[in-house]
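Novice: Okay, handing you the structure first.
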Ligand SMILES: Nc1ncnc2c1ncn2[C@@H]1O[C@H](COP(=O)(O)OP(=O)(O)OP(=O)(O)O)[C@@H](O)[C@H]1O
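Residue numbers (the UniProt record's numbering): 1 to 586.
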């Protein structure tokens, strides 16, 4: 169905919420006619009748109307700010969830752009340019009013409005693509700076701050150049619009004066129509003056609308029960969405509850990619990951999330306490999850370590978990992966930063998972972990090179040991009886 027929949530929300400010604009624009009517009455009535009483009455009435205008204008601004705020509250969480998922799937390079778009739209709604947008349609009413006084004055007003509208349109055509490009480049430069700041540690240690800053300056310089060109174009247009408006008002006055002289029209009409025309043209002039704000808001709305129009991932009508952990991987292939590079090709294997599968292989073999596909972070280009027979995409994320444990290669914790991180931030005032948190920590063999922290489970881990050491972070993250006893646990190099105590704890944790019937898939390079694996999958260039069971591995190891022993015996025999050995060989 066409998107023009189906109004998206965002469009519906804005349409509903902007109704009130639009209604206030009606009252405000009516009130703004007061000075023109006042002038008309003073010239045509008060000065003719010389009635002070009428003058006082008219002045009081106009004063009251203008005071009402002031109050209404304030309320309208407040309403618009409220719309902006509620926009962020209403769509912020949905948008962030969308962005987290799209960022994890690597289908976008700009996760935070959506939130920036939302604040652009909010700022636009709270600013002055939007007011001009509400006032601009009133130009039609003002022009008709002028025409009601005299058709020639009306004609001049129509021509002036049309010329200004044409200038606005041509400005849009000329700056549109340029502004789009500049805004995109500005965002890319902003993201570059954000990455530099996020990696401040390595940037400082390696003395890269000057070179990276220079790269950022180069990126922004071209944007500034284009901004300058665009700004001067808009500036020229804005100045011509202002001049044109003044000239048109002079012309209006001149035509009015001509009508007064030749046709006996009232001088009140001449002044009133000039003021009304000024009112009609002001919002159009303002729109041209703040064109970049309009373009930014339009682009932000377009992007948000498109993003929010997509149904959120994982919405399923039939909720499947929590899986038991029967994992089956069928012909999994993954191609990067941007470069179309094949990272994984036709990978298949299965694992039963209580089995430990070790994924091994050289750097870049595709182990991490496979781990990401198993937990649904990446979506396969072909093939399927099944849990208890169902494609993992058929599960409601609220069911699948707690049933999965994932320890990524680069562990990041979130600012909060150790307990909050282990509980995946699910604590509520009614449920502090303490029992489940301690159970997970014990299962991960990290309980004692946490008790040694200054505030135990309530220790703040700092941004990204920086207040903990690499090994501590990894062990707390393992507890997070084991929170609420998931059915399947995927561990990407869980032993990477562990000391011998940590390794012992990990081995113990793996034995515990096995006993509890948890399915474990672990990427590893260490022999020790291979010792507890039921199955070892060797990967190479994104493909399964070989699969071996623990029995086969042990048989191989035994064979290797036997052949080593045999070789050693042969060498020993050669040393002891060199002539015999030579004779045998001959
Ligand atoms: N988003 C991406 N775009 C393009 N190539 C990618 C992307 N992610 C990973 N790769 C490439 O895919 C290949 C497999 O990467 P992966 O991280 O799965 O390897 P790995 O076996 O886990 O390696 P390591 O043991 O070094 O962590 C690598 O050659 C990597 O360069």
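Backbone N, C-alpha and C define an ideal beta-carbon position, used for all residues, glycine too.
What residue from 161, 72, 123, 321 has the CA that sits closest to residue 139's CA?
Specialist: The candidate whose alpha carbon is nearest that of residue 139 is 161.
Novice: How long is the line joining the alpha carbons of residue 84 and residue 337, rounded to whole angstroms?
Specialist: Roughly 34 Å between the two C-alpha positions.
Novice: Assess contact between the stretch 380-393 and the stretch 415-426, defined as three or more Cβ pairs (one per stretch) separated by less than 8 Å. Is contact present?
Specialist: Cβ pair count under 8 Å is below three, so no.
Novice: Quick one: using the 10 Å Cβ neighbour count with 16 as the cut-off for buried, is residue 87 buried or exposed?
Specialist: Flag for residue 87 reads buried.
Novice: For residue 398, name the three-state secondary structure that DSSP assigns.
Specialist: Three-state DSSP puts residue 398 in a helix.
Novice: Round the Cβ separation of residue 538 and residue 528 to the nearest angstrom and send it over; I've been treating them as touching at under 8 Å.
Specialist: About 17 Å separates the two Cβ atoms, so there is no contact after all.
Novice: Give a single yes or no on whether residue 365 has its beta carbon closer than 7 Å to a heavy atom of ligand 1.
Specialist: Result yes, Cβ under 7 Å from ligand 1.
Novice: Hey, how far is the Cα of residue 236 from the Cα of residue 279?
Specialist: Whole-angstrom Cα-Cα distance: 22 Å.
Novice: Any chance the CB of residue 634 is under 7 Å from a heavy atom of ligand 1?
Specialist: Because the chain spans 1 through 586 in this model, residue 634 falls outside it and cannot be assessed.
Novice: Going by the C-beta, is residue 374 closer than 7 Å to any heavy atom of ligand 1?
Specialist: Because no heavy atom of ligand 1 lies under 7 Å away, the Cβ of residue 374 does not count as near it: no.
Novice: Taking three-plus beta-carbon pairs below 8 Å as touching, is the stretch 343-357 in contact with the stretch 286-294?
Specialist: Touching, no.
Novice: When the Cα atoms are used, what is the spatial distance from residue 331 to residue 209?
Specialist: If I take the Cα positions, the gap works out to 45 Å.
Novice: Looking only at its own chain, which residues have a Cβ that is under 8 Å from the Cβ of residue 333, when we skip the five neighbours before and after it?
Specialist: So the qualifying residues of the chain are 342, 344, 345, 346, 347, 380, 381, 382, 383.
Novice: Taking residue 493 as the reference, which of 509, 511, 474 has the closest Cα?
Specialist: Per the Cα distances, 474.
Novice: Assign residue 492 to one of three DSSP states: helix, strand, or coil.
Specialist: It is a strand residue.
Novice: Determine the direct distance from the alpha carbon of residue 163 to that of residue 130, and round the result to whole angstroms.
Specialist: Near 22 Å, if we compare the C-alpha coordinates of residue 163 and residue 130.
Novice: Any heavy atom of ligand 1 closer than 7 Å to the CB of residue 381?
Specialist: Not so, every heavy atom of ligand 1 lies at least 7 Å from the Cβ.
Novice: On the CB-based measure, 16 or more other CB atoms within 10 Å of its CB, does residue 171 come out buried or exposed?
Specialist: Buried, since its Cβ has 16 or more Cβ neighbours within 10 Å.
Novice: With hydrogens ignored, establish whether the beta-carbon of residue 339 is closer than 7 Å to any heavy atom of ligand 1.
Specialist: Yes; taking the cut-off as 7 Å, the Cβ of residue 339 has a heavy atom of ligand 1 nearer than that.
Novice: Residues in its own chain within less than 7 Å of residue 356 by CB, not counting five upstream and five downstream?
Specialist: If we look at residue 356 and ignore the five residues flanking it on each side, its Cβ neighbours are 510, 514, 520, 522, 532, 533, 534.
Novice: Just to confirm before moving on: does the CB-CB distance between residue 403 and residue 487 stay below 8 Å?
Specialist: In this structure, residue 487 lies closer than 8 Å to residue 403 by Cβ.
Novice: Per DSSP, which residues does residue 539 bridge with? Please list them.
Specialist: Its beta-bridge partners are 361, 544.
Novice: So, with DSSP's three-state summary, where would you put residue 346?
Specialist: Here residue 346 sits in strand by DSSP.
Novice: In whole angstroms, what is the alpha-carbon distance linking residue 25 and residue 59?
Specialist: Roughly 23 Å separates the two Cα atoms.
Novice: In this structure, how does DSSP classify residue 330 when only helix, strand and coil are distinguished?
Specialist: Three-state DSSP puts residue 330 in a strand.
Novice: Does the structure place the stretch 444-462 close enough to the stretch 367-380 that three or more beta carbon pairs sit under 8 Å?
Specialist: Contact fails: fewer than three Cβ-Cβ distances are below 8 Å.
Novice: Candidates 148, 484, 451: which alpha carbon is nearest residue 401's?
Specialist: The shortest C-alpha separation from residue 401 is found at 484.
Novice: Would you say the beta carbon of residue 361 comes nearer than 7 Å to a heavy atom of ligand 1?
Specialist: Yes, Cβ of residue 361 sits closer than 7 Å to a heavy atom of ligand 1.
Novice: Expressed to the nearest angstrom, what Euclidean distance is found between the alpha-carbon atoms of residue 41 and residue 268?
Specialist: Computed Cα separation, rounded: 7 Å.
Novice: Name the two residues that bound the continuous beta strand (DSSP E) containing residue 407.
Specialist: Counting along the chain, the beta strand (DSSP E) containing residue 407 begins and ends at 404-407.
Novice: Got a sec? Which residues, its chain only, sit under 7 Å from residue 9 by beta carbon, not counting five neighbours each side?
Specialist: Around residue 9: 308.
Novice: Thinking C-alpha only, which one of 92, 55, 27 is nearest residue 68?
Specialist: Ranking 92, 55, 27 by Cα distance to residue 68 puts 27 first.
Novice: Whole angstroms are fine: how far does the CA of residue 476 sit from the CA of residue 456?
Specialist: Distance between the alpha carbons of residue 456 and residue 476: 12 Å.
Novice: Using 10 angstroms around the beta-carbon of residue 168, count the other beta-carbons present and answer buried if the total reaches 16, otherwise exposed.
Specialist: Classification of residue 168: buried, given that the 10 Å Cβ count is 16 or more.
Novice: Go through its chain and collect everything with a Cβ distance to residue 75's Cβ below 8 Å, but skip five positions before and after it.
Specialist: The residues are 24.
Novice: So does the stretch 270-279 actually touch the stretch 140-159, counting three or more Cβ pairs closer than 8 Å?
Specialist: At 8 Å Cβ cutoff, the stretches touch.
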